[in-house]
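Asks: A single structure is presented below for examination.
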Ligand code: SF4
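Laid out in structure tokens, this is it:
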């Protein structure tokens, strides 16, 4: 948590006037909130291939050969090859850049990730496309947490994205120096409840991988652990899974709590599960109990504080 995240970002989201109309789409969460904890690496692929500004708008079109092209609907100029060439060249440096996450501009035929319009025969035919630049970045580094700026307005999606970026940073840091088997076992133990809140099944698979560490080469183990760790973090942490992780913590504290303390904790977890209170309430209560009883195993769980509390991301989820 002491290190700043490295976040790739569509330049227009940082307030750079690079859009087709010469404007920008500054995103306040990025520039005003998370900026204290992140260093940004902005790129505008359309400017990078020399489209200039202001410029013709472009869109994705499925053509007779089935291939998706990026074309201007007015002049019919085709930018596909230039954009793909640039994207591949740029993505070759992705490993070296060591990014922890990427925020793309939604709906863009270059940067959009999830539901970019694809036209066919001059008409919008489907909303399932991905911008050409974003597609190459995702393909090059499938473990990299990515999100669209529009979805960051949803508190649940926003928390998940930031949580994933910090998780990716931690797991990469683990393997950055001369790591030992003990380092891995300790790390895995610290991440246990966070992973359980995301995906209990994948957490178990990761445990089996750790148990098998002796039978794999260091590179093989590292690659498989990072992949499975991030697959786990890409799952969806439901309220039920969070409640189970909280119950797990409550189980550790059970013998030390009075019956009133146990009841208070159980009610807080139930209220969270039912959606009456946000996650921060039972987390704060448990944190207080952990400090009071000096419960070392729980105190070291990343789950208690997976991102800076100043971001207040658990106050609305
Ligand atoms: S969405 Fe991407 S291509 Fe479009 S202006 Fe923003 S950074 Fe440039």
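In our numbering, the protein residues as written are 64 to 380.
For glycine and all other residues, C-beta sits at the position ideal for the given N, C-alpha and C.
For clarity, every value in this text was computed on a predicted model and none was experimentally measured.
1. List the residues that DSSP assigns as beta-bridge partners of residue 186.
2. Just mark residue 197 as buried or exposed, buried being the case when its beta carbon has 16 or more other beta carbons within 10 Å.
3. Counting pairs of Cβ atoms below 8 Å between the stretch 182-191 and the stretch 215-228, do you hit three or more?
4. Just to confirm, does residue 180 get its C-beta within under 7 Å of one of the non-hydrogen atoms of the ligand SF4?
5. May I have the straight-line CA-CA distance separating residue 83 from residue 67, to the nearest angstrom?
6. Could you tell me if the beta carbon of residue 108 falls within a distance shorter than 7 Å of some heavy atom in the ligand HEM?
7. Which first and last residues belong to the beta strand (DSSP E) in which residue 101 is found?
8. Just reading off the beta strand (DSSP E) that residue 209 is part of, what are its end residues?
9. Does any residue of chain B have a CB that is nearer than 8 Å to the CB of residue 169?
10. Give me, in chain order, the residues of the same chain whose beta-carbon lies closer than 8 Å to that of residue 338; leave out the 5 immediate sequence neighbours on both sides.
11. Along the chain, where does the beta strand (DSSP E) containing residue 123 start, and where does it finish?
12. Comparing C-alpha positions only, which one of 333, 123, 169, 81 sits nearest to residue 139?
13. Among the candidates 304, 238, 312, whose CA atom is the shortest distance from the CA of residue 281?
14. With the cut-off set at 8 Å, would you say residue 101 and residue 131 are in Cβ contact?
15. Are the stretch 255-263 and the stretch 155-171 touching, with three or more C-beta to C-beta distances below 8 Å?
16. With a threshold of 8 Å, are at least 3 pairs of Cβ atoms found where one atom belongs to the stretch 350-362 and the other to the stretch 307-327?
17. Would you tell me roughly how many angstroms separate the C-alpha atoms of residue 178 and residue 109, rounded to the nearest one?
18. Relative to the ligand SF4, is the shortest distance from any of its heavy atoms to the C-beta of residue 173 smaller than 7 Å?
19. Only counting runs of 4 or more residues, tell me where the alpha helix (DSSP H) segments fall wholly within the stretch 236-303, in order along the chain.
20. For residue 137 and residue 97, what's the separation of their Cα atoms in angstroms?
21. Considering only their Cβ atoms, is the gap separating residue 291 from residue 269 smaller than 8 Å?
22. Taking 7 Å as the limit between beta carbons, can you name the residues of its chain near residue 141, skipping five residues before and five after?
23. Within the chosen definition, does the stretch 218-229 reach the stretch 369-380 through at least 3 CB pairs nearer than 8 Å?
24. Please go through the stretch 106-161 and give each complete alpha helix (DSSP H) segment of 4 or more residues, from N-terminal end onward.
25. Just list the residues that DSSP pairs residue 165 with in beta bridges.
26. Which residues in the same chain have their Cβ closer than 6 Å to the Cβ of residue 304, if we skip the five residues on either side of it in sequence?
27. Checking the sheet assignment: what are the DSSP bridge partners for residue 192?
Replies: Straight from the coordinates:
1. By one-based count along the chain shown, residue 186 stands at place 123. 183.
2. For the purposes of this step, residue 197 is taken as the residue at position 134 of the chain shown. Classification for residue 197: buried.
3. no
4. Taking the chain shown and counting its residues from 1, the one referred to as residue 180 is at position 117. Checking every heavy atom of the ligand SF4 against the Cβ of residue 180, none is found closer than 7 Å.
5. The residue given as residue 83 occupies position 20 in the chain shown. The residue given as residue 67 occupies position 4 in the chain shown. When rounded, the distance between both Cα atoms is 31 Å.
6. Absence of the ligand HEM is noted for the structure shown, with the ligand SF4 being the only ligands found.
7. Your numbering for residue 101 matches position 38 in the chain shown. Where residue 101 is concerned, the enclosing beta strand (DSSP E) stretches over 101-106.
8. Start at 1 with the first residue of the chain shown, and residue 209 comes out as number 146. From DSSP, the beta strand (DSSP E) with residue 209 extends over 209-211.
9. In the structure shown, chain B does not exist; there is a single protein chain.
10. Counted from its first residue, the chain shown places residue 338 at position 275. Closer than 8 Å at Cβ, skipping near neighbours: 302.
11. For the purposes of this step, residue 123 is taken as the residue at position 60 of the chain shown. Residue 123 -> beta strand (DSSP E) spans 122-125.
12. Within the chain shown, numbered from 1, the residue matching residue 139 stands at position 76. The shortest Cα separation from residue 139 among 333, 123, 169, 81 belongs to 123.
13. Your numbering for residue 281 matches position 218 in the chain shown. Residue 238 is the option with its Cα nearest to residue 281.
14. Translated into the one-based positions of the chain shown, residue 101 becomes position 38. Translated into the one-based positions of the chain shown, residue 131 becomes position 68. No.
15. no
16. yes
17. In the chain shown, the residue the question calls residue 178 occupies position 115. In the chain shown, the residue the question calls residue 109 occupies position 46. Roughly 19 Å separates the two Cα atoms.
18. What you label residue 173 is simply residue 110 of the chain shown in a count that begins at 1. Indeed, a heavy atom of the ligand SF4 lies less than 7 Å from the Cβ.
19. 244-261, 263-274, 281-296
20. Walking along the chain shown from the start, residue 137 turns up at place 74. Walking along the chain shown from the start, residue 97 turns up at place 34. Roughly 39 Å separates the two Cα atoms.
21. Your numbering for residue 269 matches position 206 in the chain shown. Your numbering for residue 291 matches position 228 in the chain shown. Yes; because the gap between Cβ atoms is below 8 Å, this pair is in contact.
22. The sequence position of residue 141 within the chain shown is 78, counting from 1. Once the five neighbours on either side are set aside, the close Cβ partners of residue 141 are 132, 134.
23. yes
24. 108-111, 143-154, 157-160
25. Indexing the chain shown from 1 puts residue 165 at position 102. Partner(s): 71, 209.
26. Here the question's residue 304 lines up with position 241 in the chain shown. These residues qualify, in order along the chain: 260.
27. For the purposes of this step, residue 192 is taken as residue 129 along the chain shown, with counting starting at 1. Per DSSP, 179.
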